[in-house]
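Trainee: To start, I am sharing the structure in question, which I have written as structure tokens.
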Amino acid sequence: MTSSILGPLNGPQKQAVENTEGPLLILAGPGSGKTRVITSRIAYLISEKGIPPSRILAVTFTNKAAREMRERLDMLIGNLSQYVNARTFHAFCASVLRRDGDKIGLDRSFTIYDRDDQVNLIKQVMEIEQLDPRRFTPNNILNAISTAKSQLIDPQMFLQQSSTYIQNVIQASYQRYQELLNRNKSVDFDDLLMLTGKLFSDDPDTLNWYQNHYTYILIDEFQDTNTSQYALTKQLSGKHKNICVVGDPDQSIYSWRNADIRNILSFQQDFPGTKLIKLEENYRSTKNILDAAYKVISTNTNRIERGLHTNNDLGTPIIIEEAYNPDEEAQMLLKEIQRLKELHNYNLNDFAFMYRVNAQSRAVEEGCLRYGIRYNLIGGLRFYQRKEVKDIIAYLRILANPNDEVSLLRIINIPTRGIGQRTIDSLVQFARSKGIPLYSAIQAIADRKLGEEIGDFTSRTSKSLRGFLDIINSLAKTSQTTPVAQIIDQVADITGYRAYLYKDKELGRERWENVQELRSTAMEFDKMAPEESLTSFLEGIGLISDIDNLTENEDAITLITLHQAKGLEFPVVFMIGMEEGLIPHIRSMENPEEVEEERRLAYVGMTRAKERLYMTRSFNRFFRGSSGPTLPSRFLSDIPVEITDRIVKPEPNRIARPTISNISRNNSQPSNNNLPELKTGDKINHSKFGEGIIVSLTASTAGDQEITIAFKGDIGIKKLLLGFAPIEKID
Numbered sequence: 010m011t012s013s014i015l016g017p018l019n020g021p022q023k024q025a026v027e028n029t030e031g032p033l034l035i036l037a038g039p040g041s042g043k044t045r046v047i048t049s050r051i052a053y054l055i056s057e058k059g060i061p062p063s064r065i066l067a068v069t070f071t072n073k074a075a076r077e078m079r080e081r082l083d084m085l086i087g088n089l090s091q092y093v094n095a096r097t098f099h100a101f102c103a104s105v106l107r108r109d110g111d112k113i114g115l116d117r118s119f120t121i122y123d124r125d126d127q128v129n130l131i132k133q134v135m136e137i138e139q140l141d142p143r144r145f146t147p148n149n150i151l152n153a154i155s156t157a158k159s160q161l162i163d164p165q166m167f168l169q170q171s172s173t174y175i176q177n178v179i180q181a182s183y184q185r186y187q188e189l190l191n192r193n194k195s196v197d198f199d200d201l202l203m204l205t206g207k208l209f210s211d212d213p214d215t216l217n218w219y220q221n222h223y224t225y226i227l228i229d230e231f232q233d234t235n236t237s238q239y240a241l242t243k244q245l246s247g248k249h250k251n252i253c254v255v256g257d258p259d260q261s262i263y264s265w266r267n268a269d270i271r272n273i274l275s276f277q278q279d280f281p282g283t284k285l286i287k288l289e290e291n292y293r294s295t296k297n298i299l300d301a302a303y304k305v306i307s308t309n310t311n312r313i314e315r316g317l318h319t320n321n322d323l324g325t326p327i328i329i330e331e332a333y334n335p336d337e338e339a340q341m342l343l344k345e346i347q348r349l350k351e352l353h354n355y356n357l358n359d360f361a362f363m364y365r366v367n368a369q370s371r372a373v374e375e376g377c378l379r380y381g382i383r384y385n386l387i388g389g390l391r392f393y394q395r396k397e398v399k400d401i402i403a404y405l406r407i408l409a410n411p412n413d414e415v416s417l418l419r420i421i422n423i424p425t426r427g428i429g430q431r432t433i434d435s436l437v438q439f440a441r442s443k444g445i446p447l448y449s450a451i452q453a454i455a456d457r458k459l460g461e462e463i464g465d466f467t468s469r470t471s472k473s474l475r476g477f478l479d480i481i482n483s484l485a486k487t488s489q490t491t492p493v494a495q496i497i498d499q500v501a502d503i504t505g506y507r508a509y510l511y512k513d514k515e516l517g518r519e520r521w522e523n524v525q526e527l528r529s530t531a532m533e534f535d536k537m538a539p540e541e542s543l544t545s546f547l548e549g550i551g552l553i554s555d556i557d558n559l560t561e562n563e564d565a566i567t568l569i570t571l572h573q574a575k576g577l578e579f580p581v582v583f584m585i586g587m588e589e590g591l592i593p594h595i596r597s598m599e600n601p602e603e604v605e606e607e608r609r610l611a612y613v614g615m616t617r618a619k620e621r622l623y624m625t626r627s628f629n630r631f632f633r634g635s636s637g638p639t640l641p642s643r644f645l646s647d648i649p650v651e652i653t654d655r656i657v658k659p660e661p662n663r664i665a666r667p668t669i670s671n672i673s674r675n676n677s678q679p680s681n682n683n684l685p686e687l688k689t690g691d692k693i694n695h696s697k698f699g700e701g702i703i704v705s706l707t708a709s710t711a712g713d714q715e716i717t718i719a720f721k722g723d724i725g726i727k728k729l730l731l732g733f734a735p736i737e738k739i740d
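The sequence shown begins at 10 in my numbering and counts up one residue at a time.
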């Protein structure tokens with residue numbers, strides 16, 4: 010078994026696997042095989058050291074990474090892998106609180122609030138505190154609260170540190186926000202970490218149980234930990250000291266999520282006797298890409314020096330190219346995709362556009378839509394944010410926790426059941442005046458006797474509320490013993506939600522399909538964990554992230570922010586908008602530490618590329634409300650000229666911004682490039698749109714031929730890029 014585990018590893022990787030006792034810091038450069046090292050280390054502990062798999066805790070930052078870890082472990086040690094606790098920080102803490110949260114007064118059936126739920130709750134806080142929405146926004150208040158929680162500052166501690174009007178407002182909002190969370194028997198993501206730390210501090214016996222149970226702890230992406238996560242790390246490893254952390258300070262890019270780079274930089278001081286192992290061989294990128302990235306990152310001062318190297322080929326030069334505006338930038342790169350596909354047989358999913366801010370995706374999206382090129386937009390409207398999905402989940406949450414006020418307010422009148430907004434506002438006010446949960450207030454009003462007066466509520470209101478409660482009670486009777494997929498069916502039928510969706514003739518079917526997709530997820534859950542409850546299902550979907558939704562097998566271009574791209578890799582990467590003000594971002598330019606983080610962000614983007622890297626910019630950009638010339642990003646000047654191919658346009662080619670009229674996303678396949686010569690009037694057949702007649706053929710700004718086709722029926726006229734259009738000529 011030892012040879013199968015250690016055989017594929019290089020020298021430093023073997024050292025990282027075999028050094029099992031005491032604190033260990035593994036500095037893993039990009040593409041250095043850290044996931045292989047982590048999984049091999051776990052397999053080695055089990056097969057060679059005889060450590061029971063249930064005694065091992067492996068912590069990651071995304072569900073996707075946890076899944077990949079379990080899959081690799083399964084290949085190494087088979088069924089034993091299922092007993093290793095490999096999960097995210099938040100998922101681990103949620104499980105701890107489900108088991109022992111009652112020891113600090115937490116109801117173990119708590120609901121986990123996502124960002125949308127938090128925003129809705131903070132809006133209630135702002136209304137109660139009578140805050141001016143022109144001066145305070147929900148997001149700003151939530152960000153301040155999140156920062157406080159990540160630093161283990163509770164409302165009382167915040168009060169002691171408050172000295173300004175703004176701080177006092179935040180403190181009062183924080184206090185009220187926590188009161189509402191507690192009343193709703195709910196927690197947010199920061200609470201999962203903070204409350205687990207509180208549990209361990211307040212109840213030494215509970216901490217002792219977890220310390221004895223998990224005798225070997227591994228934490229991935231340690232550079233992304235915040236104060237509360239680092240505190241948990243110290244608590245859990247306090248007895249046995251068998252703590253292995255893996256990370257790369259050069260890839261610390263989440264300070265805006267309260268990640269603290271000092272955690273990994275100070276680990277050796279905080280854990281005396283720490284062994285340090287550096288993984289410096291890159292298996293992902295070509296030598297040119299690695300050298301370019303190293304030159305960019307080596308300018309930073311707040312880092313641990315390492316020498317990255319690779320045995321991969323030299324590769325092609327780094328392409329640094331300029332366009333007049335973002336639309337031309339997108340078009341020239343889409344044209345380059347066509348060229349590379351023809352010459353090197355790339356698939357669409359080999360290409361990724363990466364950018365600093367979400368708004369930059371617009372030009373690429375319009376280009377893809379214009380020419381019928383499939384794409385995946387990571388970070389767009391996620392599945393679990395779609396209205397119909399959130400509505401069904403809100404019903405499920407009420408069944409699991411009737412005191413979840415945010416979910417209750419969402420669906421109390423969906424579908425419409427005669428409970429208007431004025432009634433809802435009165436219900437909320439009544440509940441607050443009585444100091445009782447909203448659900449209890451609804452029960453009191455619905456159950457009143459004939460002629461009994463409760464507030465200003467009419468008998469008609471009582472009847473409507475009684476009807477709503479009857480629905481919830483009917484669903485709740487079997488919700489803890491019925492498979493989740495069946496509960497979703499019952500919710501859709503008993504509440505009338507299916508009929509409610511189908512009233513929308515245009516989008517009803519599509520929205521119902523989303524509900525069915527949620528049901529499919531529930532069926533998979535029921536099959537994989539038949540003994541688990543509705544609460545477990547809700548917890549699982551509450552911990553899903555954007556990157557978890559990236560479909561690897563779909564042949565489509567990926568559009569993704571640089572922050573979201575961390576941990577991914579693509580044969581070809583286009584880093585667009587390499588301009589001062591975008592990267593480094595304008596908000597960071599006055600702060601040297603923030604500029605260093607922007608440089609790390611550029612480094613992360615560059616090291617996602619395996620074979621080819623393009624770094625492009627626009628001469629002119631409409632940004633932050635105005636249009637004007639741009640300057641090249643300072644990071645471009647760090648790249649040695651001898652490993653680049655700089656394509657400079659001295660006279661920008663001004664082009665009109667393309668419109669998105671008459672365009673639609675389609676499922677076009679890569680084209681047949683052996684088409685006979687086409688001309689106006691020729692009949693063609695399109696793989697999706699059917700038969701049509703060519704109206705015109707013109708050269709596009711991207712250099713390819715743009716073909717305009719009049720299709721039969723309702724499809725009408727479409728403009729497509731000939732190189733991508735899946736068409737064939739009809740004789």
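C-beta: ideal position from N, C-alpha, C; glycine also.
Could you give the uninterrupted runs of the beta strand (DSSP E) lying entirely in the stretch 294-374, keeping only those of 3 residues or more?
Mentor: Within the stretch 294-374, the complete beta strand (DSSP E) runs of at least 3 residues are 327-332 and 360-364.
Trainee: Use the C-beta contact count for ASN272: other C-beta atoms within 10 angstroms, 16 or more gives buried, fewer gives exposed.
Mentor: Label assigned to ASN272: buried.
Trainee: Write down every uninterrupted run of the alpha helix (DSSP H) in the stretch 422-510 whose length is 4 residues or greater and which is fully enclosed by it, in chain order.
Mentor: List check, alpha helix (DSSP H) in window: 430-443, 447-455, 468-485 and 493-503.
Trainee: Within the continuous alpha helix (DSSP H) that includes VAL604, where are the two ends?
Mentor: Its alpha helix (DSSP H) spans residues 601-615.
Trainee: Excluding the 5 residues preceding and the 5 following CYS377 in the sequence, name in chain order all residues of the same chain whose CB lies nearer than 6 Å to its CB.
Mentor: These residues qualify, in order along the chain: TYR384.
Trainee: Check each candidate in ARG441, GLY427 and SER483 and name the one with the smallest Cα separation from SER471.
Mentor: When each option's Cα is compared against that of SER471, the closest is GLY427.
Trainee: Taking contact to mean at least 3 C-beta pairs separated by less than 8 Å, is the stretch 190-209 in contact with the stretch 232-248?
Mentor: These segments touch.
Trainee: By a C-beta neighbour count over all protein chains shown, 10 Å radius and 16 as the cutoff for buried, is LEU459 buried or exposed?
Mentor: Confidence in LEU459 is poor, its pLDDT being 43 and thus under 50, which makes the residue's placement too unreliable to answer from.
Trainee: Mind checking whether LEU89 and ILE55 have CB atoms under 8 Å apart?
Mentor: Yes, the pair counts as a contact, with Cβ atoms nearer than the cut-off.
Trainee: Quick check: what's the CA-CA separation for ASN309 versus HIS594?
Mentor: Roughly 16 Å between the two C-alpha positions.
Trainee: Under a three-way DSSP split, which group does GLU30 fall into?
Mentor: In this structure, GLU30 counts as coil in the three-state DSSP scheme.
Trainee: From what residue to what residue does the beta strand (DSSP E) around GLY256 run?
Mentor: GLY256 -> beta strand (DSSP E) spans 252-256.
Trainee: Report all residues from its chain with a CB closer than 7 Å to the CB of GLY701; omit the five preceding and five following residues, and keep chain order.
Mentor: Only ILE693, HIS695, ILE718, ALA719, PHE720 and LYS721 meet the Cβ criterion.
Trainee: Suppose you measure from the CA of VAL500 to the CA of ILE433; what does that come to, to the nearest Å?
Mentor: If you take the alpha carbons of VAL500 and ILE433, they lie about 22 Å apart.
Trainee: Could you spell out where the alpha helix (DSSP H) holding GLU533 opens and where it closes?
Mentor: Per DSSP, GLU533 belongs to the alpha helix (DSSP H) from 517-537.
Trainee: What do you get for ASN354, buried or exposed, if any count of 16 or more other CB atoms within 10 angstroms of its CB means buried?
Mentor: Exposed.
Trainee: So, with DSSP's three-state summary, where would you put ALA565?
Mentor: Coil.
Trainee: Measuring CA to CA, which of LEU418, ARG185 and ALA485 is closest to GLN165?
Mentor: Cα-wise, what sits closest to GLN165 is ARG185.
Trainee: Counting C-beta neighbours from all protein chains within 10 Å, is the total for MET587 16 or more, i.e. buried, or is it exposed?
Mentor: Answer is buried; the Cβ neighbour count reaches 16.
Trainee: Could you check if ILE175 is buried or exposed, using at least 16 other CB atoms within 10 Å of its CB as the buried criterion?
Mentor: The residue is exposed, with fewer than 16 neighbouring Cβ atoms inside 10 Å.
Trainee: Select from GLN340, ILE402, LYS399 and ARG406 the residue whose C-alpha is nearest the C-alpha of GLU375.
Mentor: Checked all of GLN340, ILE402, LYS399 and ARG406; the closest Cα to GLU375 is GLN340.
Trainee: Is it buried or exposed, LYS158, if we count other Cβ atoms within 10 angstroms and call 16 or more buried?
Mentor: With 16 or more other Cβ atoms within 10 Å, it is buried.
Trainee: Near ARG50, what residues of its chain come up, given a Cβ to Cβ distance below 8 Å and the 5 sequence neighbours on each side ignored?
Mentor: Closer than 8 Å at Cβ, skipping near neighbours: ALA25, VAL26, THR29, LEU227 and CYS253.
Trainee: Based on Cα-Cα distance, which residue from GLU578, LEU568, ASN422 and PHE439 lies nearest to TYR509?
Mentor: Here the closest residue by C-alpha is ASN422.
Trainee: Please name the residue in GLU737, SER41, LYS344 and TYR506 whose C-alpha comes closest to that of LYS688.
Mentor: Residue GLU737 is the option with its Cα nearest to LYS688.
Trainee: When you compare the stretch 296-315 with the stretch 603-616, are there three or more beta-carbon pairs, one atom per stretch, that lie closer than 8 Å?
Mentor: The stretch 296-315, when compared against the stretch 603-616, does touch it at the 8 Å Cβ threshold.
Trainee: Please report how far the alpha carbon of ILE60 lies from the alpha carbon of ASN152, in whole angstroms.
Mentor: Cα-Cα distance, rounded: 41 Å.
Trainee: Exposed or buried, which one is SER182 when buried takes at least 16 other CB atoms within 10 Å?
Mentor: When all chains shown are included, SER182 counts as buried.
Trainee: At which residues does the alpha helix (DSSP H) containing ARG45 begin and terminate?
Mentor: Segment 43-56, the alpha helix (DSSP H) holding ARG45.
Trainee: Between the Cα of PHE70 and the Cα atoms of LEU447, TYR225, SER529 and PHE231, which residue gives the shortest distance?
Mentor: Minimum Cα distance to PHE70 is reached at PHE231.
Trainee: Taking a contact to mean a Cβ-Cβ separation below 8 Å, would you say ASP109 touches THR224 in this structure?
Mentor: It is not a contact, given that the beta carbons lie outside the stated cut-off.
Trainee: Go through the stretch 381-405 residue by residue and report every complete run of the beta strand (DSSP E) that reaches 3 residues or more, in order.
Mentor: Entirely contained in the stretch 381-405, the beta strand (DSSP E) runs reaching 3 residues are, in chain order, 384-386.
Trainee: Classify MET624 as buried or exposed, calling it buried when 16 or more other Cβ atoms lie within 10 Å of its own Cβ.
Mentor: Buried, because 16 or more other Cβ atoms sit within 10 Å of the Cβ of MET624.
Trainee: Quick one: what does DSSP say PRO641 is sitting in, helix, strand or coil?
Mentor: Residue state, collapsed to three classes: strand.
Trainee: Could you pull the DSSP bridge partners for MET587 from this structure?
Mentor: Answer is none; MET587 lacks a bridge partner.
Trainee: Does the beta-carbon distance from ASP269 to ILE113 come in below 8 Å?
Mentor: Cβ atoms of ASP269 and ILE113: not closer than 8 Å.
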